[in-house]
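Chemist: All the letters of the sequence shown, read from the start, carry residue numbers 3 to 69 under our numbering.
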Amino acid sequence: MALPKGKISKARKHSRQANWKISAPSIVKCPRCQKMKLSHRVCKHCGYYDGRDVLGISEENSKKKDA
């Protein structure tokens, strides 16, 4: 089994571990209400995902407007 020849200092180890990037989440327009949402997620504004009403938010909004 291979072993390291010498000790790696904390500074060298930490500088190597510090070099990574996080990517920004991909944000797209909702095809139904045209508001910005995370891709592959249910729209928080209208409650639709993939053409189906998942959360029933639009029905609740229409009931509030009728009352």
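All C-beta atoms in this analysis are idealised placements derived from N, C-alpha and C, irrespective of residue type, glycine included.
The model shown is predicted, which means the values in this text are computed figures rather than measured ones.
1) Can you tell me which of Ala20, Asn21, Met38 puts its alpha carbon nearest to the alpha carbon of Ser28?
2) Does Tyr31 come out as helix, strand or coil in the three-state DSSP assignment?
3) With DSSP run on the structure shown, which of helix, strand or coil describes Arg76?
4) Reducing DSSP to helix, strand and coil, say where Lys39 ends up.
Modeler: Walking through what the data contain:
1) Met38
2) Strictly speaking, residue 31 in this sequence is Lys, with Tyr absent from that position. Residue state, collapsed to three classes: strand.
3) Any question about residue 76 goes unanswered here, given that the chain covers just 3 to 69.
4) strand
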